[in-house]
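S.K.:
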Amino acid sequence: MLFVLCCLFLLNVPYCCVSASVHADAVKRDIVFLLDGSDGTRSGFPALRDFVQSVVDKLSVEENRERVSLVQYSDKPEAHFYLNSHKTKDAVIHAISNMRHKGGRSLNTGAALQFVRHNIFTASSGSRRLEGVPQVLILLTSKKSRDDVTGPAVALKDLEIVSIGVGVGDANFRELEIISFQPGFTFQVSELSELPSIHPQFVALLKRLSKDTEEYFHLKAHKTKRAVIYAVRSLRHKGGRPRNTGAALQYVRDNVFTASSGSRHLEGVPQILFLLIGGESSDDVTAAASDLKRLGVLSFAIGMKNVRQEELQSIAYSSRFIFNLPVFGELLSIQPEILAFVQSKMGIEPPTIVGKNHHDSASTIKLTFPDVINFSSIKYCRTPEAHFLLNTYPEKQSVLGSIRSLQHKGGRPLNTGAALQYVKDNVFTASSGSRSQEGIPQILILLSGGKSQDDVGSAAAALKQDRIVPFSIGTRNSDILELQMIAHIPSYALSVPRFDDLESIQQQLLSFVKRVPRQSRVYQPTVVGKE
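Under mature numbering (1 follows the signal peptide of the UniProt record, and there is no 0), residues -20 to -1, 1 to 511 are what the sequence shown spells out, in order.
1. Counting Cβ pairs closer than 8 Å, one from the segment 126 to 133 and one from the segment 75 to 91, do we hit at least three?
2. Assign Gly84 to buried or exposed, taking buried as 16 or more other Cβ atoms, counted over all protein chains shown, within 10 Å of its Cβ.
3. Classify Ala441: buried if its beta carbon has 16 or more other beta carbons within 10 angstroms, exposed otherwise.
4. Quick check: the segment 277 to 297 against the segment 225 to 242, are there 3 or more CB pairs under 8 Å?
5. Classify Asn235 as helix, strand or coil using the three-state DSSP reduction.
6. Quick one, which of Arg288, Gln181, Gln162 and Leu426 has its alpha-carbon nearest Phe479's?
7. Can you check which of these residues, Asp434, Asp405 and Val146, is closest to Arg392 by C-alpha distance?
8. Got a sec, what are the start and stop residues for the alpha helix (DSSP H) Ala92 sits in?
9. Bridge partners of Arg9, per DSSP?
10. On the CB-based measure, 16 or more other CB atoms within 10 Å of its CB, does Ser452 come out buried or exposed?
11. Which first and last residues belong to the beta strand (DSSP E) in which Pro364 is found?
12. What span of residues does the alpha helix (DSSP H) with Ala441 cover, start to end?
13. Does the Cβ-Cβ distance between His245 and Gln464 come in under 8 Å?
14. Assuming Val51 and Glu43 form a contact by the criterion Cβ under 8 Å, report the distance between their Cβ atoms to the nearest whole angstrom.
15. Could you tell me which whole beta strand (DSSP E) segments of length 3 or greater appear in the segment 107 to 144?
16. Using the C-alpha atoms, what's the distance from Ile448 back to Leu469?
17. Can you list, in chain order, the stretches of the alpha helix (DSSP H) that have 4 or more residues and sit fully within the segment 261 to 318?
18. Suppose the cutoff is 7 Å on Cβ atoms and the five residues either side in sequence are ignored; what does the same chain contact list for Leu431 look like?
19. Classify Asp235 as buried or exposed, calling it buried when 16 or more other Cβ atoms lie within 10 Å of its own Cβ.
20. If you measure between the beta carbons of Leu119 and Val146, is that distance less than 8 Å?
21. I'd like to know whether the C-beta atoms of Val265 and Met284 end up nearer to each other than 8 Å.
22. Could you check what DSSP says for Asp55 in three-state terms: helix, strand or coil?
23. Ends of the alpha helix (DSSP H) at Gly454?
24. State the Cα-Cα distance for the pair Val403 and Gln181, rounded to the nearest angstrom.
25. Hey, Ile100 and Ser54: beta-carbon distance below 8 Å or not?
26. Alpha carbon to alpha carbon, what distance is there between Arg274 and Leu139?
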């Protein structure tokens, strides 16, 4: 068994793979806003402008800290100001408030991406890319581009420009994913007036994109054990104050445990993080630690005597993965124990079948969706069983009543692959009430209490091929990598300790579901000349 290992060491550590110390008074970033100025955004343009101003208001705009540029585009791009045009936050906000809507029927996002690459992210326009300052592009768009975006998006990534995509209304979600630096950097709202609803998450993401963490080598940088050992021995201590462990954890979540950096989590390879920390963090670690756990990363927390135990507990995947040492010179004393964990696949517990008490909890998450959605409910263990189909009940109250009357199915083994195939072949069909031909989003929410005994890969791929968007929810006995394989994108795989805790993810799930875009209508071909 091959394991992916990422080592994260913070302060007072002689050697490391990823080292972090955040200087709150020295954050530098070059941030470019690329705004859709086509006719589709005309009526909501004040809301778009207000959103940009509210984001800038959270930045530290100064010549030697954060610089801002703004470009508006439709068929052609137009630069309103460059990265070196304004030296204060007030000047930037004033320029944004004076911006007028551009107009234009067509939208050439590809050309606009090419424009900012060649004309904005350059030294002459104020970019500090060659000095190592993080480069950030924020794209806000309302519809699918008329031209190709793939080539320009790849070119931006090659320059290590981090693109964040915000889609409004008819924006193409797949196109936004192509443009965005990674899937978690994509947001979507129904209307421009809803932009304030994503403001907190958006600003939080933006604040993480700074040169606070130094990465010494990627997961795929070295091919042999000898090369890795040599690289580790050549490392030097980073230094710096304060110690922001939360930011460092988020960095490895967003930049190291990714396919582009060599992570193989989508192939089912275990993801392991070793954190060695010499003291208490200056920032919050809870959110970043939770993100890593949802991704299925198995985190070890190794701390000195000055580290708070509660902090280590928040970070570690389980209490068994916490180690306290008086000094880092004692690390060799825990080496056999850590090695034993790794060699036994981290002591992961075997899957169990969900009991009746958990079944009652599982039903509660289904009770909060709007009236216009059609529902079906399927239970499964060895074989699936449909309790009602998409066209069985015309109103919400009937659906709720039927869900409350469900009885636990029971049985062994758990064949999730067969259940996924069943819903594809028997539920997401016109005869069962599916409206996929009308462009209605097709959404599957899977709740699983254990690892499947059959293969889920083929059935999951078949669902996605049919434009069905799966969400997967598992408990601590579920396989997070399996859940991610089933889910439409990895962030649609959610995890709770027990089904009793489903309420804690209810709002997150509902938010994700609401962002699933409407599909284009499928028209049946008309054969001319036949009776």
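Positions of the beta carbon are idealized from the N, C-alpha and C atoms, including for glycine.
The structure displayed is predicted, hence computed values, not measured ones.
M.R.: With the given structure in hand:
1. yes
2. buried
3. exposed
4. yes
5. helix
6. Leu426
7. Asp434
8. Thr89 to Asn99
9. Glu46
10. buried
11. Pro364 to Phe368
12. Gly437 to Gln445
13. yes
14. With 8 Å as the limit, Val51 and Glu43 do not qualify as a contact, their Cβ atoms being about 20 Å apart.
15. 115 to 123
16. Leu is not the amino acid found at residue 469; the sequence shown has Ile there. Looking at the two C-alpha atoms, the distance is approximately 12 Å.
17. 266 to 275 and 289 to 295
18. Correcting the residue type first, residue 431 is Lys in the shown sequence and not Leu. Around Lys431: Pro331, Ser458, Asp459 and Glu462.
19. Here residue 235 turns out to be Asn, not Asp, going by the sequence shown. So Asn235 ends up on the buried side.
20. yes
21. no
22. coil
23. Where Gly454 is concerned, there is no enclosing alpha helix (DSSP H), although the beta strand (DSSP E) it sits in stretches over Ile448 to Gly454.
24. 34 Å
25. no
26. 30 Å
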